[in-house]
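Trainee:
Residue numbers (the numbering used here): 66 to 330.
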């Protein structure tokens, strides 16, 4: 995947495609699926038009989640949506998949079949306490499945310190980054609401795992992105692009302004 290979020389901007509640989930409203699908396609097109390198399609609107294996209905719905996003965008626009909380195999299958480029992995290694309960990585099982279906071309972004993952019991973030790289990740993702903490974490990973790209997984905006991406290799952006906050429609002009700031770094 070229955009991962160029990290270190070119900054990466990925926008979130936050899905509404999907069929098979407790908060899904009958008759709304077509609108959820259409919004996902429109959000991806807005990201592409604004100059983002790609997107992460995530089932954030489900609100409550299984820890590992998502219901088959969710997987089927996301397959349909990712395929629609792929068909609606150009070949250079990279599509990632994340099934919350941590259905890595389901997300991998979707990306592999539908032309996705990468996964955002909530817990590739280690364990974390989430609102849904204990989330625990199983890299042996996941990588065995990845090999079995021939999906090594689908790349991995592993969360190592973020709103999705914080090592249970505490461990230096550099050690977690090394463990994630050993488990096969291509990129690590981290973030913290405190910009100074985010910068410290980036520096720790850069020292502990030289050459491993680091993207910021949240809390960037037009006001702080220049400072943060001066040290990180890219960012995954949600709320800063969405009208009215998380879950709102992606605004092309907000994407373009952000990308222009990044391009000047």
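In this text, a Cβ means the ideal position worked out from N, Cα and C, and glycines have one as well.
All values reported here derive from a predicted model rather than from experimental measurement.
CB-CB under 6 Å to residue 142, same chain, minus the five flanking residues each way: which ones, in chain order?
Mentor: Residue numbering aside, residue 142 sits at position 77 when the chain shown is read from its first letter. 87, 88.
Trainee: Got a sec? Which residues, its chain only, sit under 7 Å from residue 220 by beta carbon, not counting five neighbours each side?
Mentor: By one-based count along the chain shown, residue 220 stands at place 155. Hits under 7 Å: 66, 69, 182, 183, 251.
Trainee: May I ask you to report which of helix, strand or coil DSSP gives residue 164?
Mentor: In the chain shown, counting from the first residue as 1, residue 164 sits at position 99. Coil.
Trainee: Between which two residues does the alpha helix (DSSP H) harbouring residue 212 extend?
Mentor: The count along the chain shown starts at 1 and reaches residue 212 at position 147. First-last of the alpha helix (DSSP H) with residue 212: 204-213.
Trainee: What residue range does the beta strand (DSSP E) around residue 193 cover?
Mentor: Mapped onto the chain shown, residue 193 falls at position 128. Where residue 193 is concerned, the enclosing beta strand (DSSP E) stretches over 192-195.
Trainee: Terminal residues of the continuous beta strand (DSSP E) containing residue 57?
Mentor: The structure shown does not extend to residue 57, since the chain is modelled only from 66 to 330, so the question has no answer here.
Trainee: According to DSSP, is residue 75 part of a helix, a strand, or is it coil?
Mentor: Position 10 of the chain shown, counted from the start, is the residue given in the question as residue 75. Correct three-state label for residue 75: coil.
Trainee: Measure the alpha-carbon distance for residue 188 versus residue 166 and round it to whole angstroms.
Mentor: Taking the chain shown and counting its residues from 1, the one referred to as residue 188 is at position 123. Taking the chain shown and counting its residues from 1, the one referred to as residue 166 is at position 101. Distance between the alpha carbons of residue 188 and residue 166 is about 9 Å.
Trainee: Rounded to whole angstroms, how far is the Cβ of residue 280 from the Cβ of residue 298, which I believe are closer than 8 Å?
Mentor: The residue you call residue 280 lines up with position 215 of the chain shown. The residue you call residue 298 lines up with position 233 of the chain shown. Going by Cβ atoms, the distance from residue 280 to residue 298 rounds to 6 Å, so yes, they are a contact pair.
Trainee: State the beta-bridge partners of residue 231 as determined by DSSP.
Mentor: Looking up residue 231 in the chain shown gives position 166. In DSSP, residue 231 forms a bridge with 226.
Trainee: For residue 193 versus residue 230, is the C-beta spacing smaller than 8 Å?
Mentor: Position 128 of the chain shown, counted from the start, is the residue given in the question as residue 193. Position 165 of the chain shown, counted from the start, is the residue given in the question as residue 230. Yes, the pair counts as a contact, with Cβ atoms nearer than the cut-off.
Trainee: For the beta strand (DSSP E) containing residue 186, list its first residue and its last residue.
Mentor: Numbered from 1 along the chain shown, position 121 holds the residue referred to as residue 186. Element bounds for residue 186: 183-186.
Trainee: By Cβ distance below 6 Å, which residues in the same chain neighbour residue 85 in space, the five residues on each side in sequence not counted?
Mentor: Counting from 1 along the chain shown, the entry for residue 85 is found at position 20. Cβ neighbours of residue 85 beyond the five flanking positions: 101, 126.
Trainee: Identify every run of the beta strand (DSSP E) within the segment 264-291, keeping only runs that are complete inside it and at least 3 residues long; order them along the chain.
Mentor: The DSSP assignment places 279-281 as complete runs of the beta strand (DSSP E) inside the segment 264-291, in order along the chain (cut-off: 3 residues).
Trainee: Tell me which residues share the same chain as residue 310 and place their Cβ nearer than 7 Å to its Cβ, disregarding the 5 neighbours each side in the sequence.
Mentor: In the chain shown, residue 310 corresponds to position 245, counting from 1. Around residue 310: 304.
Trainee: Determine the DSSP secondary structure at residue 295, reduced to helix, strand or coil.
Mentor: Here residue 295 refers to the residue found at position 230 of the chain shown. In this structure, residue 295 counts as coil in the three-state DSSP scheme.
Trainee: Below 8 Å on the Cβ atoms is my contact criterion, and I expect residue 256 with residue 227 to pass it. Report the Cβ-Cβ distance as a whole number of Å.
Mentor: Locating residue 256 in the chain shown gives position 191, where the first residue counts as 1. Locating residue 227 in the chain shown gives position 162, where the first residue counts as 1. Going by Cβ atoms, the distance from residue 256 to residue 227 rounds to 5 Å, so yes, they are a contact pair.
Trainee: Quick one: what's got a C-beta closer than 6 Å to residue 90's C-beta in the same chain, skipping five residues either side?
Mentor: Reading the chain shown from its first residue, position 25 is the one you call residue 90. Excluding residues within five positions, the ones whose Cβ falls inside 6 Å are 127.
Trainee: Using the rule of at least 16 other Cβ atoms within 10 Å of the residue's Cβ for burial, across every protein chain shown, is residue 169 buried or exposed?
Mentor: Start at 1 with the first residue of the chain shown, and residue 169 comes out as number 104. Buried.
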